[in-house]
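Mapping to the working numbering: the sequence shown position 311 is 313, numbers consecutive.
Positions of the beta carbon are idealized from the N, C-alpha and C atoms, including for glycine.
Data block below; observations after.
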Amino acid sequence: MPRLITVAAAQLGPIQKAENRQSVVGRMIALMDAAHAQGATFVVYPELALTTFFPRWYHEDRAAADSWFEAAMPGPATQPLFDKAKALGMAMSFGYAELTPDGHHFNTSILVDRKGNIAAKYRKVHLPGHVEFDPERTHQHLEKRYFEPGDLGFPVWRFEDGLVGMAICNDRRWPETYRVMGLQGVEMVVLGFNTPSVNSQRAGEGMADRLFHHRLSVQAGAYQNATWVVAVAKAGTEDGHHLMGGTLIVDPNGKIVGEIDHEADGVLVHACDLDETRFGKDTIFDFARHRRVEHYGLITERTGVGAPLGR
Ligand code: CDT
Numbered sequence: 003m004p005r006l007i008t009v010a011a012a013q014l015g016p017i018q019k020a021e022n023r024q025s026v027v028g029r030m031i032a033l034m035d036a037a038h039a040q041g042a043t044f045v046v047y048p049e050l051a052l053t054t055f056f057p058r059w060y061h062e063d064r065a066a067a068d069s070w071f072e073a074a075m076p077g078p079a080t081q082p083l084f085d086k087a088k089a090l091g092m093a094m095s096f097g098y099a100e101l102t103p104d105g106h107h108f109n110t111s112i113l114v115d116r117k118g119n120i121a122a123k124y125r126k127v128h129l130p131g132h133v134e135f136d137p138e139r140t141h142q143h144l145e146k147r148y149f150e151p152g153d154l155g156f157p158v159w160r161f162e163d164g165l166v167g168m169a170i171c172n173d174r175r176w177p178e179t180y181r182v183m184g185l186q187g188v189e190m191v192v193l194g195f196n197t198p199s200v201n202s203q204r205a206g207e208g209m210a211d212r213l214f215h216h217r218l219s220v221q222a223g224a225y226q227n228a229t230w231v232v233a234v235a236k237a238g239t240e241d242g243h244h245l246m247g248g249t250l251i252v253d254p255n256g257k258i259v260g261e262i263d264h265e266a267d268g269v270l271v272h273a274c275d276l277d278e279t280r281f282g283k284d285t286i287f288d289f290a291r292h293r294r295v296e297h298y299g300l301i302t303e304r305t306g307v308g309a310p311l312g313r
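Here it is as structure tokens:
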């Protein structure tokens, strides 16, 4: 019997600054209905799914940005999403800006089980961007201003019928993200992203390069750790700022099994056989047999580049 998770990558089209949570949750519920109609039992939404990608907007007063954050999950606006998931018996994952009771701010995603209970939480570790307004950039990317780095690491959970981990957007570019989960036997990584289609510090780097780096990172992470990866975009133009899209599902062999080629709300459904992870995990990426940790010390000893170890 194959161990199947029929997953829906539920891409959101643009969310304008003026669109409220109730409206976005309505769109997410419509996507859940579409996913359910296509046989999915697990629906994955993007990073910061409930609002526009607000880190592009500078608030001089840091506290003014708190209006983008959720102090409770579920809260009044998101409760209907949880109710719908429970009614349909759907598991889900989505990202949101988390404000903790003691005043901490994180870029967070959660796993919610088929009964509507939060089963797991992840807080984005690799925050891109900058703290202060940067006039040199074509657009701002103020994640380092509004969020603290995640404090929960990269755990993997027994979820649905497999071992599932989470990452968020920029995390997908870092091999450490996948390897820490790979060392826990991860079989499916779910991640949401908001990627501007232009590099704010390199105007010539447009959408083709951005999509190339996105696919390269996700496919490499999947292959090198023999895991499924479900990567879900927020896409399209938000108040004049374009997000590139590129929602895709990658198999444990590193191959793209499906991709969304538009910038609107839409679902990509795939029945992922978790046992397909076995071949890679038992052969070329059998970590216990092949890894040489005695040579990997620099990975945790150094953050940045230091002196070469050779002559
Ligand atoms: N949301 C997010 O992490 N976006 C980044 C943009 C990097 S450019 C500052 C990404 O890795 O796609």
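Status (buried if at least 16 other CB within 10 Å, exposed otherwise) for residue i
i, result
"serine 95", "buried"
"valine 269", "buried"
"valine 295", "exposed"
"methionine 34", "buried"
"glutamate 62", "exposed"
"lysine 126", "buried"
"isoleucine 286", "exposed"
"glutamine 221", "buried"
"aspartate 85", "exposed"
"aspartate 173", "buried"
Closest residue to residue i among the options (Cα-Cα distance)
i, options, result
"glutamate 372", "Gly91, Pro57, Leu83 and Pro103", "Because residue 372 is not part of the residues shown, which for the chain are 3 to 313, the question remains open."
"arginine 147", "Phe289, Met3, Pro16 and His107", "His107"
"glutamine 142", "Tyr60, Pro157, Ile17 and Ala67", "Tyr60"
"isoleucine 120", "Ala39, Thr110 and Val234", "Thr110"
"glutamate 261", "Arg174, Arg217, Met190 and Asn227", "Arg217"
"aspartate 211", "Tyr225, Met246, Ala74 and His264", "Met246"
"glycine 28", "Val158, Thr80 and Gln221", "Thr80"
"histidine 38", "Met190, His272 and Met3", "His272"
"valine 166", "Gly299, Asp115 and Phe281", "Asp115"
Alpha helix (DSSP H) segment containing residue i, residue limits
i, result
"methionine 209", "209 to 227"
"arginine 181", "177 to 184"
"threonine 302", "299 to 303"
"histidine 46", "Reading the sequence as shown, one finds valine at residue 46 and not histidine. Note, valine 46: premise wrong, no alpha helix (DSSP H); beta strand (DSSP E) at 44 to 46."
"phenylalanine 156", "No alpha helix (DSSP H) contains phenylalanine 156, which DSSP labels as neither H nor E."
"glycine 282", "280 to 284"
Unbroken beta strand (DSSP E) run spanning residue i, endpoints
i, result
"leucine 98", "Position check: residue 98 holds tyrosine in this sequence, whereas leucine was assumed. Tyrosine 98 -> beta strand (DSSP E) spans 93 to 101."
"arginine 238", "Reading the sequence as shown, one finds glycine at residue 238 and not arginine. From DSSP, the beta strand (DSSP E) with glycine 238 extends over 237 to 240."
"glutamine 203", "Run containing glutamine 203: none; DSSP gives neither H nor E here."
"glycine 164", "164 to 170"
"glutamine 18", "First-last for glutamine 18: undefined, no H or E at that position."
"histidine 292", "Segment 289 to 292 is the alpha helix (DSSP H) holding histidine 292; no beta strand (DSSP E) there."
"methionine 246", "243 to 246"
"glutamate 261", "258 to 261"
Below-8 Å beta-carbon distance, residue i vs any chain D residue
i, result
"arginine 280", "Looking for chain D here will not work: only one protein chain is present."
| request: Kindly provide the chain-ordered list of residues whose Cβ lies closer than 6 Å to any non-hydrogen atom of ligand 1. | output: By the rule of a C-beta closer than 6 Å to any heavy atom of ligand 1, the residues picked out are Glu49, Pro130, Gly131, His143, Cys171, Asn172, Arg175, Phe195, Asn196 and Thr197.
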